[in-house]
């Protein structure tokens, strides 16, 4: 699959249900993946932030890819997160993902010590060279505290195998301007997508290639409807669907999408795993709010 196609449309990022010792539930993960496959999303983002990659061992991360390949391999492209503190560990994870059957990679600059731009650049060059899979830059400053300058993204876009960027929502809301600046300095094959679900409609309507979606991991049908309307330029329909999502977006902003996704998994009886400690689950009152928000999306 061409990189430009791989990083296009709706990429759904499911949680990775696991027990208190970090052992993945094959049954629960397969159930989530099959649910996503049936919804006809464009790709699955396995082991992203929603997928708790940072909380899982190397062995379990490879096992997650193997489970996913067995479940949906060849029917839905798999983009696998390979972020790690050390460059050699991220390289090993990239090779594991390739060997297990992944179609693409997602890399965040995970670090305990804040990275310089040159350190981040060299890290990405090394990991991109560890396999021949297309790699997406994961620009996630809310978690990593590393902010990619546009100049660094352009520089990285020229590295072999680096094929896309997953951007946070622009602080000024100017998707069109940001996309135009990046496109003016990168090749036509370099894909530009966004995370931050509450900005997805605006991003796609402004010409973004992809929506890297948290909510798509558990609610792939309404997420697909929103993505298709926005990609088609149907502003009225995209706005209508986005309005139905607003109560859930508000909860994402209040508690963080990671905690809310575990609550959604529970209220929909998709899995009963708790978030990995030290993350604590939402209390009963807040779970009820999640349930109410989810019910607004059932009939979309």
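Residue numbers (my numbering): 397 to 696. Note that CB positions come from ideal geometry on N, CA and C, so glycine has one too. Predicted model only: the values in this text are computed from it and were never measured.
By the criterion of at least three beta-carbon pairs nearer than 8 Å, the segment 573-588 is in contact with the segment 537-556. The residues 505, 542, 544 and 548, in chain order, have a CB closer than 8 Å to that of residue 516 in the same chain once the five nearest residues on each side in sequence are set aside.
Between residue 437 and residue 425, the alpha-carbon positions lie close to 17 Å from each other. When the Cα atoms are used, residue 495 and residue 403 turn out to be separated by approximately 20 Å. Secondary structure remark: continuous alpha helix (DSSP H) runs of at least 4 residues inside the segment 517-584, in chain order: 537-540, 546-553 and 571-581. The Cβ-Cβ distance between residue 693 and residue 640 falls below 8 Å. In the same chain as residue 627, and ignoring 5 residues on each side of it, the C-beta atoms closer than 8 Å to its own belong to 405 and 600, in chain order.
With a beta-carbon spacing of about 7 Å, residue 475 and residue 499 fall inside the 8 Å limit used to define contacts. Burial is judged here by how many other beta carbons sit within 10 angstroms of a residue's own beta carbon; residue 611 has at least 16 and is buried.
Bounds of any alpha helix (DSSP H) do not take in residue 594, whose DSSP letter is neither H nor E.
Here residue 449 is buried: its Cβ has 16 or more other Cβ atoms, across all protein chains shown, within 10 Å. Note that the C-beta distance between residue 432 and residue 472 is below 8 Å. Residue 490 is positioned such that its CB atom lies no closer than 8 Å to that of residue 439. Secondary structure at residue 441: strand, using DSSP grouped into helix, strand and coil. A Cβ-Cβ contact shorter than 8 Å links residue 661 with residue 411.
Within the same chain, and ignoring the five residues on either side of residue 678 in sequence, the residues whose Cβ sits closer than 8 Å to its Cβ are 651, 655, 656, 658, 659 and 686.
Fully enclosed alpha helix (DSSP H) runs of no fewer than 4 residues occupy 631-651 of the segment 628-660, in order along the chain. Rounded to the nearest whole angstrom, the C-alpha separation of residue 690 and residue 644 is 7 Å. For residue 463, the enclosing alpha helix (DSSP H) has its first and last residue at 454-468.
The C-alpha of residue 636 is placed about 42 Å away from the C-alpha of residue 512. The beta carbon of residue 653 sits closer than 8 Å to those of 446, 593, 610 and 611, all from its chain and outside the five residues before and after it, given in chain order. Between the alpha carbons of residue 456 and residue 522 lies a gap of roughly 23 Å. The shortest C-alpha to C-alpha distance from residue 502 to any of 565, 696 and 533 is the one to 533.
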